[in-house]
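Asks: The structure's right below; bear with me while I get my questions together.
Right, dumping it as structure tokens:
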């Protein structure tokens, strides 16, 4: 089959290449490299940052002099800038991002550059870079969750008594409100923020200094690197550091998938509300697209794409799980945890970012929603009136069932106000949700 | 095909059956019931406990008198005892466990029993029972994780300088130690305990009082039920309470799956160590079985079954995820979250319980492990000696690679002692692991 | 936590137990047994059938005399009858169904019974029984698919010109017809039948006679057992026979999942059509249930449960995949392929059986569907009229888009009739679908 | 977080853009576009081919004149060449590949180009291109399977009596042979080729001409396009054509995953054989890599990467399944089936291609394998000798178990030769495997 695929044009320099290695088969090399170098672009700034800290640690135990450290730090800063400004491209000239850093230093600092890999392995190097990447990703997820919660709470407050049918089994059940619907998602996104924060803390352990899984014969200053990289704790055991590869990634994606599954449910609702049969929604033009064949169509594509947003993350999780059935210690299989991590995070974040504007902007047709409330939806109200008069519930239920239809139209707002169980429209406890949310926001903003 | 399957012998009583319903098709009924009644056996004690608290809440707002509450509490206690002692069987006579409770009360207390369903729905009833079930399950998982961590730490301490080959790529890499191996799993199980505790707290929200997803027209005392059922917080919004069904279950199973994946890795190691080619393991007889055809075989079946233990939990997670693509509000699809929850939890817990004894009892052949350490495994040591003499690492690496073979046998224990990077055998920091573990145990034991 | 779980009351007899084994820990035994004996109930008739054939094979190479074979056949027939009539129960007295058969024979035939296991292992015994079970399951799936296709085709024919809105993005797009909707599912179920048939043939290979994965020192008559058990071919290599465990199960469940995913889509449609906002559906009472709290509700539960039906099968597939990352040869992990196989097949078949009646019985509200067709849905028709007059399509598209609204009401049936592209309502080619279906039915009915 | 991501530099031209659309938000556009344009590079040649055939169909029913058809064909041929030679780049200037084709034609042919979209939609356009892509992919998978089977058969023949331990539970069980191991994988790959062929035929249905899921008001010549595109059959129903999106992709990936799971098992074996403890393998240098920290290591990375190869395919399958819970008709969610299709196919094919050389080249250490055969592995042989003397098997089993150790060394080749059950080393039936393989190869090569 015809595939257009860019093979590495020049063979990368291989750190471990010894005299005897000889010719390496190109297709085999391409297979082994995978899209590693492209994925490493996402990790590169973190790899540089961790390399800087690793050098500081080497200086702290006397492997590097103060001057040597200064030179390395300057050189790494230069690389960081060059990368940010597009003057340095991470491409197939390098085996991976790790080698690129050592190459840069050796090229610019000569023999001194050959010291940077002292006391570390690419194994702990990729671990620490991945962890910093995941931590930054979870920070953004957390921030997006609190932002979504804030928007939903605001809209919940504005429309707590705006009638809307409440559905179970997609059947009209009782009078509900637009505000109650928004408040439900506010609470969901608050829980998601908590989950994200817990997950961030769970993975916030420093693997730098565990080398290839068995430590090294140097008294590395791992406390220093933990502090400088702002890790919550040291990941102590080097075998465990290796064994945590993939499973920390999995847990981070799990948190993200939970957020996206809430977003999916929200999108399902919007998708139905946007159907002509419901017609509850007024979607700003920029959230709709046309059809290439049917001139009359305006389609709510972003809503549908948000509904599909958990898919790449769930797929990435399966990919990770499929790799992780292995004995202890590094195995090359684990290289294949990088792809699902990066693709899952990127796809999930993109969807979350988009959802903010959509949820803030979407408008509802209050009249259409009110018109969708039919008299039989007051049957439960009627049953509870009988209960209030002292009738046992089960009897009141049968009574109300029998007289359905006779109840006649009622005032939906009055019905909502009488719904006083805590959390219901008559007593929605939005302040309690706001308190939880504020605590999360405060904690995120404190150093 | 021939299937032996027990259909309900007597039609269950249906709470919602009205006069007009007429004949219900038996196969259809069986399909709708599924194995719900069997699954409810796991939830029944929790359902009774929550019913007791629900009654207290009704009394608190004047729906039940003090005497009525007393009668209901006594009757529920009697049901609890009858169930525990096998005098009450939850079977196909009932539509589900929820109906069984109402039936029991109505049978024993007459009209009063018909009041128990006031202000609640089976929707919040199953939510609260499931949550109590998951909470209890996570408590047991947490306790098993700390127990496993304790055993591994003890064994790590005993064998920190017992040489064992350290592998990467299943290739012998450097000298490692049995204690380092155990310490790695100790840290893993500590992380698992933290994850389990965080997850328990995340799901520890009270859904009782949200009814069918829209609240009720009664000022239910949800603060009381939250306190009596020892929930961490109120799950406020009734729509969210419904929407959290399945996703809380999923998160609980995720925590369990992480523990089991650590156990899988440990089992992979043991399985290899038990092979004649490694022969590092002495497995007590009770952990081996015979073959039906080969008289010479002693097979480490429990190890292999532990390796397979994540499978039913991962399967249950897929099952849950497959159900959860739905609009807001209860849909009957969600009934199918109960099966994977119960099956996943039961299978996972059984495996975890078994693993405790295995990990405590398994013995290692120190001589065989020592014999497996070959001279080339000291090459990294040699490189680091050159580094200590001031040679840049990359140069030392090439030097050491060139002279491999000449290095000659060395003392593995001395090599381990010189491995002084924090976490490595020369400085394993077991006390720091112990500190984390003790904090978890203390928190679990405090009220 | 309180769990009600039945441990085996009497220790099963263990085929491989030698003098030296000693005490076996009860919890460990329960863990190793799992629910194997319950699952074996589904396989038992197949295990007996294969044992009968195995005995015939032993007679064919002189291991059993004609009389011995006769005695064994009689005894196995008696077991088959006893099992069918409930006089023999497969329970925790036995280690598994395989042992139960040998036990039965030894009990009834003395030393002769000890010969049945000659030339076989439990490994090929479970392989052959599983395969016969899967084959029977796929036969039933195939038959249900053709039945579903037949019903859909009949209904497609009856309502090919009954107008119904055609949706894309859940938006009304163009006029479609109820018959076109049914024809779509007819074609889906025909494809499913083909897939099921192909899958059945793919797994239809005889593993009996491969023993524990390396064959035996006897010239077993495997051609005879292949013929007697009506296998399509011999599964030749004994290592492959072991390695195919789980993956054949996976493929069978894959076929089943495809059918159920079609059913899910159909259920999604019905679920929407049943909503008050669409109101296209008239669901017979027996397909609806009530609510325990809302007297007014009639819920389409079976539809929702059908929508959830792929979940246990997809879960079982994940469970299988999670187990299968293993080296060659039997590992005990593979025992855990039996549970997902049996549970996936049972759940999937039950849902499929129910769906037949539902799809045959469901009625549609023709007036409501017609009323849902709005003037803008003729815009594409208008564009094609301009194309017919010679205007390039893209220009006609813009023209039609501009004048939307002006088009005015049209006759939907006329519009359907003009839709003459092959497969569309004006030329639905139902006869071609019928031809494919008949060929499948004929092939299934021929010997 | 810092992400380097290339936004579309120039806004793509939008086919459906009408006057009123106004400004489209850039981030939203990027979200909606996803990496569609990059993925379309894989489909582009197929899209061009199908467009050529679509034009022929339009000419056949008089929408295009003979001259117009000629002009379009020439222009499409030119595009095909330009694309192959890199003179035409499919990039963010275009909304997608479909638009790029129409744009090209309009640019080169003026008003005539605007006719190409007559009677089709992007919906059937992407369906037909995807199907041609999958068909070509499955052809390559089939060809690789037969090649792998051929290599394995050849090696099986060469080493059928080369002794190698046969393992169950990773324990040495009986004498096996290298040839038996290879023959097992030969049969696996033959089955995979059959599965691939069946799957190819299953998806080989022509969706072109179904437009947006409801057909069009033109008597399209779909029989012609079916013939010209060499489809096995017409996919008749337009609603089904839409509903088959994703599920055909899923089935193609399923076939691929089965091949890769066989490869995973083979890689597991090789990975163990490559461990120093087994040391059965001699891996050519080009299949090993070095370590960045341990100078002594030569790691079998390609083997490990092959072991991980099912992961991206299984992940892609989950991604597809997660999208497919939808009502009938096109929903934008389905766009997200393209990514997993292309990524799963690309990753899977790359791994398969690499495996051919590896399996052909890998060498085994016959002496080490022979040395690994211990006397107890003859116990089953001994039992069968007693059976041959007339002892019932179960008794012989106990006898052999008791005397294990006494048996003394035997000749492994003699043991293999006596293993005469069909498929075992004494009667491996390689000719039957060869016959199946040749039939597959012949069928693939016939037109």
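Residue numbers (our numbering), protein chains in the order written: chain A, 1 to 447; chain B, 448 to 894; chain C, 895 to 1341; chain D, 1342 to 1788.
Positions of the beta carbon are idealized from the N, C-alpha and C atoms, including for glycine.
1) Beta strand (DSSP E) containing residue 419 of chain A: first to last residue?
2) Measure the beta-carbon distance from residue 238 of chain A to residue 617 of chain B and round it to whole angstroms, keeping in mind my assumption that it falls under 8 Å.
3) For residue 469 of chain B, count the other beta carbons within 10 Å of its own beta carbon; 16 or more makes it buried, fewer makes it exposed. Which is it?
4) Three or more C-beta pairs closer than 8 Å, one from the region 1201–1220 of chain C and one from the region 729–737 of chain B: is that the case here?
5) In the DSSP assignment, what residue or residues form a beta bridge with residue 166 of chain A?
6) Between residue 145 of chain A and residue 1383 of chain D, what straight-line distance do the alpha-carbon atoms span, to the nearest angstrom?
7) Using the beta-carbon count (16 or more within 10 Å), is residue 968 of chain C buried or exposed?
8) I need the boundaries of the alpha helix (DSSP H) containing residue 1204 of chain C, first residue and last residue.
9) If the criterion is Cβ atoms closer than 9 Å, does the pair residue 916 of chain B and residue 629 of chain B meet it?
10) Which residue wins for smallest C-alpha separation from residue 258 of chain A, given the options B:714, B:710 and B:695?
11) Comparing C-alpha positions only, which one of C:1173, C:952, C:1033 and C:1072 sits nearest to residue 1050 of chain C?
12) Taking Cβ to Cβ, would you say residue 940 of chain C is nearer than 9 Å to residue 1027 of chain C?
13) Roughly how many whole angstroms lie between the Cα atoms of residue 1597 of chain D and residue 1691 of chain D?
14) Suppose the cutoff is 6 Å on Cβ atoms and the five residues either side in sequence are ignored; what does the same chain contact list for residue 221 of chain A look like?
15) Cβ atoms of residue 1214 of chain C and residue 1147 of chain C: under 9 Å apart, would you say?
16) Note down, in chain order, all residues in the region 1501–1513 of chain D with a beta-carbon under 8 Å from any beta-carbon belonging to chain C.
17) May I ask you to report which of helix, strand or coil DSSP gives residue 1176 of chain C?
18) Is it the case that the CB of residue 786 of chain B approaches a heavy atom of the ligand GTP more closely than 8 Å?
19) Given residue 1080 of chain C, which residues of its chain have a CB within under 7 Å of its CB, disregarding the five upstream and five downstream residues?
20) For residue 1261 of chain C, which option in C:1332, C:1059 and C:920 has the closest C-alpha, if you only look at C-alpha atoms?
21) Got a sec: is the Cβ-Cβ distance from residue 1612 of chain D to anything in chain B below 9 Å?
22) So what's residue 916 of chain C in DSSP terms, helix, strand or just coil?
23) Could you tell me the distance, in whole angstroms, from the CA atom of residue 140 of chain A to the CA atom of residue 159 of chain A?
24) List, from N- to C-terminal side, the alpha helix (DSSP H) runs of 4 residues or more that fit wholly inside the region 1452–1503 of chain D.
25) At a CB-CB cut-off below 9 Å, which residues of chain B make contact with residue 420 of chain A?
26) Which residues in the same chain as residue 1324 of chain C place their Cβ atom closer than 7 Å to its Cβ, once the five residues preceding and following it in sequence are excluded?
27) For residue 1018 of chain C, count neighbouring Cβ atoms within 10 angstroms of its own Cβ and tell me buried if that reaches 16, exposed if not.
28) For the candidate residues A:244, A:113 and A:421, whose alpha-carbon lies nearest to that of residue 206 of chain A?
29) Confirm, please, whether the CB-CB distance from residue 1267 of chain C to residue 1306 of chain C is below 9 Å.
30) Taking 8 Å as the cut-off, does the region 83–102 of chain A touch the region 24–38 of chain A (at least 3 CB pairs, one atom from each stretch)?
31) Cutting at 6 Å between CB atoms, please list the residues of its own chain near residue 1007 of chain C, excluding the five before and the five after it.
32) State the DSSP-derived secondary structure class of residue 1774 of chain D, mapped to helix, strand or coil.
33) When you check each C-beta in the region 132–162 of chain A against every C-beta of chain B, which residues fall closer than 8 Å?
34) Looking at the C-beta of residue 748 of chain B, does it have a partner C-beta in chain C at a distance below 9 Å?
35) Among C:1014, C:1289 and C:1067, which one has its Cα closest to the Cα of residue 1119 of chain C?
Replies: To lay it out plainly:
1) According to the DSSP assignment, residue 419 of chain A belongs to no beta strand (DSSP E), since it is labelled neither H nor E.
2) Not really, about 17 Å apart at Cβ, beyond 8 Å.
3) Per-residue confidence for residue 469 of chain B stands at a pLDDT of 45, beneath the threshold of 50, marking its modelled position as unreliable; no derived number is given.
4) no
5) A:174
6) 36 Å
7) An exposed status is given to residue 968 of chain C, since fewer than 16 other beta-carbon atoms sit within 10 Å of its beta-carbon.
8) 1204–1217
9) Outside the displayed range of chain B (448 to 894) lies residue 916 of chain B, so it cannot be described from this structure.
10) Comparing alpha carbon positions, the residue from B:714, B:710 and B:695 closest to residue 258 of chain A is B:695.
11) C:1072
12) yes
13) In a straight line, the C-alpha of residue 1597 of chain D is about 12 Å away from that of residue 1691 of chain D.
14) 57, 60 and 61
15) yes
16) Within the region 1501–1513 of chain D, the qualifying residues are 1507, 1508, 1509, 1510 and 1511.
17) strand
18) This structure does not include the ligand GTP; it has no bound ligands of any sort.
19) The beta carbon of residue 1080 of chain C sits closer than 7 Å to those of 1043, 1046, 1047, 1050 and 1327, all from its chain and outside the five residues before and after it, given in chain order.
20) C:1059
21) yes
22) Residue confidence for residue 916 of chain C is low, a pLDDT of 45 falling below 50, so the modelled location carries little weight; the figure read from the coordinates is stated next. In the structure shown, residue 916 of chain C sits in coil (DSSP, three-state: anything other than H, G, I, E or B).
23) 29 Å
24) 1463–1499
25) 662, 663, 664, 665, 666 and 667
26) 1047, 1050, 1051 and 1077
27) buried
28) A:244
29) It is a contact, given that the beta carbons lie within the stated cut-off.
30) These segments touch.
31) Only 999 and 1000 meet the Cβ criterion.
32) helix
33) none
34) yes
35) C:1014
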